Amino acid sequence: MTTATTAPLTLALAICLGLAGSATALETGDLDVLREEALAQVNADRAEQDLPPLTLQEALNEAAQSHAEDMIENDYYAHVSPEGVGPQDRFLDQGGGRAKVVRENIARCSGCALPPDEERVESFETGWMNSPPHRENILSEGLQGFGFGIAGEEGRIVAVQTFAGPGVPPALGPDQQPSPIAEAERSNTMVEMLNRAREREGLPALANSETLAQAARNLLPEEDGGLLDQDGESDLYAALPEGARRDWRSLRLISAGCGGCGAEITDADLRYFREQWLDNPQFTSAVTNERFDAAGAAFLASGEGAKRAILVLGTSR
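Taken in order, the sequence shown gives residues -25 to -1, 1 to 292; the numbers are from mature numbering (1 follows the signal peptide of the UniProt record, and there is no 0).
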């Protein structure tokens, strides 16, 4: 746990990254004012790094406040409560989306004047920004929402920052920026990427089939929840465009999904899904199976962090 001293008070900090009732006896100060101050401090620090501003979100405010009060009331200081409740759990309990990435900073001070005020909020922000892991949370890309909670009792104050957003593609390398890929180009790009693996095995290239790409699009889930949960049990022939069933001797479906991986489909996502398929022996055996001579792919992003990819391999008649 990182600690920084600001005489005569002690400021302690902690950090956590996750994929997320007020007690009247506690002193919270004017929460609306303090939350606006906390947001202004965070956005000022983000602006210095050319990062987009965050907005206050009720679910994040409630998650942060409930955690601050729980730590005071139950005399502990950690991201995970004694009951095993963590940052993402608290976010979900307040109605947050489970596909979003959730980050949390916590801080405390002893011997502090109550109720907490704007100066105390500014002091906590300074401490967080002076601590590399907490600074990383504040300055992370892929975040949109911010929440702040604070509570005090008998000279102790605990503060919580909670962040959430769609995240960034997991295959994004250091200092890389994702490049969005138009829907019309995605299938061909993925097939080309998979053909490099087939080439290494001395196999002929797969043809990019618009028919199979359309089947893949027809198999994408209609509801956002399905982007994370899909069992792959589908009628592949029924998904083909009308009149195309007789053109294929056999078909095989492969799918993959992710959460907290950005708002739109990018080149980094295609690299990520390719690696998911090539790192899994079951899927690799299909991708590199010489009986398949064509493929088509489709991708969908919820905008909230969930993504789904479907690849249909086929043997033409």
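Even glycine gets a Cβ: it sits at the ideal position worked out from N, Cα and C.
The structure displayed is predicted, hence computed values, not measured ones.
Secondary structure of Pro179 (DSSP, three-state): coil.
The closest CA to that of Leu275, considering only Glu174, Phe258, Gly234, is found on Gly234.
By the beta-carbon neighbour count (other beta carbons within 10 angstroms, threshold 16), Pro144 is buried.
A residue is called buried once 16 or more other Cβ atoms fall within 10 Å of its Cβ, and Thr241 is buried on that count. Three or more Cβ pairs closer than 8 Å define a contact, and the stretch 176 to 194 falls short of that threshold against the stretch 250 to 260. A direct Cα-to-Cα measurement between Leu215 and Ser184 gives close to 11 Å. When rounded, the separation of the alpha-carbon atoms in Gly61 and Gly218 is 52 Å. Boundaries of the alpha helix (DSSP H) around Gln63: 62 to 68. Distances from the CA of Met168 to each of Ser106, Leu245, Glu2, Gln189 were compared; the closest alpha carbon is that of Leu245. Inside the stretch 74 to 112, DSSP marks whole beta strand (DSSP E) runs of 3 or more residues at positions 76 to 85, from first to last along the chain.
Leu14 and Ser106 have their C-alpha atoms roughly 18 Å apart.
Looking at the backbone, the Cα of Ala231 and that of Leu195 are separated by about 11 Å. In this structure, DSSP gives Glu2 an extended state, which the three-state scheme calls strand. Counting C-beta pairs with one atom in each stretch, the stretch 15 to 34 and the stretch 43 to 51 have fewer than three that are closer than 8 Å, which means they do not touch.
Gln24 counts as exposed, since fewer than 16 other C-beta atoms from the protein chains shown sit within 10 angstroms of its C-beta. Excluding sequence positions up to five before and after Gln69, its CB lies within less than 6 Å of the CB of Ala34, Glu37, Ala38, all in the same chain and listed in chain order. Beyond the five residues adjoining it in sequence on each side, Ile285 comes within less than 7 Å, by CB distance, of Ala191, Leu194, Leu195, Leu228, Ser230, Ala272, Ala273 in the same chain, given in chain order.
The shortest C-alpha to C-alpha distance from Ile125 to any of Asp268, Val8, Phe248 is the one to Val8. For Ile132, the enclosing beta strand (DSSP E) stretches over residues 131 to 140.
CA-to-CA, the gap between Ser41 and Thr3 works out to about 12 Å. By DSSP's assignment, Arg283 forms a beta bridge with Gly232, Leu275. With respect to Gly127, Leu1 sits close: the two C-beta atoms are nearer than 8 Å. Between the alpha carbons of Ala172 and Ala213 lies a distance of about 29 Å. As a beta-bridge residue in DSSP terms, Phe121 pairs with Leu31, Phe138. For Arg266, the secondary structure class from DSSP, reduced to helix, strand or coil, is coil. Asp268 sits close to Ala182, with the two beta carbons spaced by under 8 Å. For Ala243, same chain residues with a beta-carbon under 6 Å away, outside a window of 5 residues either side, are Pro144, Ala146, Leu147, Pro153 in chain order.
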